[in-house]
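What follows is one structure encoded as structure tokens, with my remarks underneath.
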């Protein structure tokens, strides 16, 4: 269960203990493995030599004859002890056992006198420190308190609660603290129960709430909560995070104390005690935190492994606990030092040893430790070495071919070459750790390899191993060489016409340009061979304006990036300035921010223009409608009156005057007081002769002799009884009687009444 190896491992390790002054102490240590095995002990990291006071037993355990907290020379037997076991495979170290002396201090809290009314609650407390934790019992009148009385509750931390007080509860109380070091008595306190049970209402109140506790798994937690009130409040418990408390291992002591047995890490949290008045929502609360720690334990132990020379060995050690444990690695009992070929990863959970050799063969231990405890596990690394393996390859050379390519060559080993099945080339950036190394396999008949896809201006290390079916040779000598520098890549170039004599060249910074010192800009008229430039620009410049150009010709613009290795390839663009309002570039730039602002400005202008135009149109329509309607109303009234056929009065009285689709008789029925307007009134309303507009519409005023103007009747109607009539020119009707010519009348057919 502890990752034991068959070569050497612990069966029993020393454990934490509390020793009694002047009493003997035994620390156990038992090891299994291949003999011979040597066991030694250390205290606080210092070797313990056998003496009269402390010596090792035959089974490997340490015996201390008389444990003393402080000796005459000022030394102490208290401290951290561990045992070490060693054989020819390696050395292992046990977990550290913390040894403390049993002690007991004086009481620092004594019970106090109390006077409580009948039916109330009394609480006494005494506190004392000691190792191990003292057991506290209570006496009343020099006799042990009867714990069978359900009204009496004894809490582990030295608290006595008495509920529902009665007169017989009065007396003298004191507590007794006991452990393996001593027995001590507290001062006495008198309890007086006064009066009879009160019926006066009292709000619920919590006298004492839960304390903050830090305990270890499997221990017992007692969260105190004592409340008073009239009527007696109901005490309940909950977790602040809303999770259920559960029922397993949960017990209520007395009237409201919560006891949790066999603690686990899941019990950690903030607990809330609530005192509720029965039948109401009146409540008082108090809270306290419970922290449960768990000693370190392994989830995954390191396993013993065997690996050939030159390969990689990996040990994994995963531990858990609360708080999370710290992991430390030992090599043959000594703290493991990391190096280029020994690496620790994943919070020290993974130990990797690269390119192992015989010196790495040892026992490796993983120590996991936190404030609640520690544990250890060990594993052995065996380095395999076969006789008759090839010697290392010879004459390894590396030559730079380009900025991204290096050619590596070598010669075959001097010894044991018959069984070689191939070579492996190990490649790594010189600045990278060993774990970043990668390999390329090569056939046994090949003695050179072209390594590509490297980075420019970078140093690389190379070494070779020869492989057989039984293992690999030792590594060849390491050679280091650098790739050539690389010129920058082509920049992206855009041209924008500013005006008839100016263009702007812009380009984008890019990581593809690599390390470059700056840019060179050239330009010329396309019919000329000579460039203007170079214009040298810094590496952080991304735009340049070319001015004083001729608008009648086409220009060629060229841009390139350069560094210490030379000039990169150039990017060429052509531009014409003949039409300055257009962008005449092969790859025009997109000034998105400016275009967006222009678009926003144009859009805003268009919207404002539309609003103004619509407003004007609406006003014009309203003006025309109301003006035209007024003219139609007046003209229609006059027109209908004037165009009505003039018949004799007798017939007129019989048939009535038709006006707006209603007979005169109907109108007389509705309006007996209708007015009769003579021609003078008509002339007063329409004083002028028919206007040119009326004449154009065929509206005239011609009087017939048979219809004297004093009898012409005009009806006036409210405005809402009129409607707009669509007028259409019709031929003048013939006079059916052949009488004097009548005034031409408009079409009196069905009107389009709205």
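In my numbering, the protein residues as written are 335 to 1088. Every residue, glycine too, gets a C-beta built ideally from N, C-alpha and C.
Let me know if residue i comes out buried or exposed under the rule of 16 or more other beta-carbons within 10 Å of its beta-carbon.
i: residue 969; result: Confidence at residue 969 is low in this model, with a pLDDT of 47, below 50, so its placement is unreliable and no value can be given for it.
i: residue 585; result: exposed
i: residue 680; result: exposed
i: residue 733; result: exposed
i: residue 540; result: buried
i: residue 719; result: exposed
i: residue 442; result: exposed
i: residue 417; result: buried
i: residue 945; result: exposed
i: residue 817; result: buried
i: residue 478; result: exposed
i: residue 523; result: buried
i: residue 930; result: Per-residue confidence for residue 930 stands at a pLDDT of 49, beneath the threshold of 50, marking its modelled position as unreliable; no derived number is given.
i: residue 1066; result: Residue placement at residue 1066 is flagged as unreliable, the pLDDT there being 41, under the threshold of 50; a coordinate-derived value is accordingly withheld.
i: residue 411; result: buried
i: residue 887; result: exposed
i: residue 393; result: exposed
i: residue 801; result: buried
i: residue 578; result: exposed
i: residue 408; result: exposed
i: residue 601; result: buried
i: residue 779; result: exposed
i: residue 483; result: exposed
Where DSSP assigns a beta bridge to residue i, which residues make up the other side?
i: residue 472; result: 509
i: residue 489; result: 493
i: residue 838; result: 830 and 879
i: residue 707; result: 704
i: residue 760; result: 773 and 797
i: residue 733; result: 741
i: residue 607; result: 571 and 620
i: residue 889; result: 859 and 909
i: residue 418; result: 374 and 427
i: residue 668; result: 665
i: residue 443; result: 461
i: residue 550; result: 627
i: residue 528; result: 451
i: residue 640; result: 716
Keeping to the same chain, check which residues put their C-beta closer than 7 Å to that of residue i; ignore five residues upstream and five downstream.
i: residue 717; result: 641, 643, 690, 691, 692, 694 and 695
i: residue 361; result: 348, 395, 396, 415 and 431
i: residue 378; result: 413 and 414
Measure the Cβ-Cβ separation of residue i and residue j and say whether it is below 8 Å.
i: residue 573; j: residue 622; result: no
i: residue 555; j: residue 494; result: no
i: residue 851; j: residue 896; result: yes
i: residue 737; j: residue 790; result: yes
i: residue 687; j: residue 714; result: no
i: residue 699; j: residue 664; result: yes
i: residue 1089; j: residue 761; result: Residue 1089 lies beyond the range of the chain shown here (335 to 1088); nothing can be said about it.
i: residue 503; j: residue 527; result: yes
i: residue 1092; j: residue 551; result: Nothing can be reported for residue 1092, as the shown portion of the chain is limited to 335 through 1088.
i: residue 702; j: residue 661; result: yes
i: residue 841; j: residue 881; result: no
i: residue 445; j: residue 509; result: yes
i: residue 355; j: residue 429; result: no
Can you find the residues in the same chain that come closer than 8 Å, C-beta to C-beta, to residue i, ignoring five residues on each side of it along the sequence?
i: residue 1120; result: Any question about residue 1120 goes unanswered here, given that the chain covers just 335 to 1088.
i: residue 658; result: 704
i: residue 814; result: 732, 764, 793, 794, 795 and 796
i: residue 776; result: 756, 757, 758, 759 and 783
i: residue 461; result: 441, 442, 443, 491 and 492
i: residue 341; result: 367, 368, 421, 423, 424, 638, 697 and 714
i: residue 575; result: 603 and 604
i: residue 593; result: 554, 555, 556, 557, 584, 585, 586 and 587
Can you list, in chain order, the residues of its chain with a C-beta nearer than 6 Å to that of residue i? Leave out the 5 residues immediately preceding and following it.
i: residue 1053; result: Residue placement at residue 1053 is poorly supported in this model, since its pLDDT is 42, which falls under 50; the coordinates are not used for a value here.
i: residue 595; result: 554 and 583
i: residue 474; result: 505 and 507
i: residue 1089; result: Because residue 1089 is not part of the residues shown, which for the chain are 335 to 1088, the question remains open.
i: residue 901; result: 894
i: residue 545; result: 622
Consider the Cβ of residue i: report whether some Cβ of chain D lies at a distance smaller than 8 Å.
i: residue 381; result: Among the chains in the structure shown there is no chain D, since it carries only a single protein chain.
Given 8 Å as the limit, is there contact between the region 823 to 838 and the region 752 to 766, that is, 3 or more CB pairs closer than that?
-> no
Would you check if the region 939 to 949 and the region 858 to 867 touch, i.e. whether three or more CB-CB distances between them fall below 8 Å?
-> no
Are there three or more Cβ pairs, one per stretch, closer than 8 Å when the region 367 to 386 is compared with the region 434 to 450?
-> no
If we count Cβ pairs, one from each stretch, closer than 8 Å, do we get three or more for the region 611 to 622 versus the region 559 to 570?
-> yes
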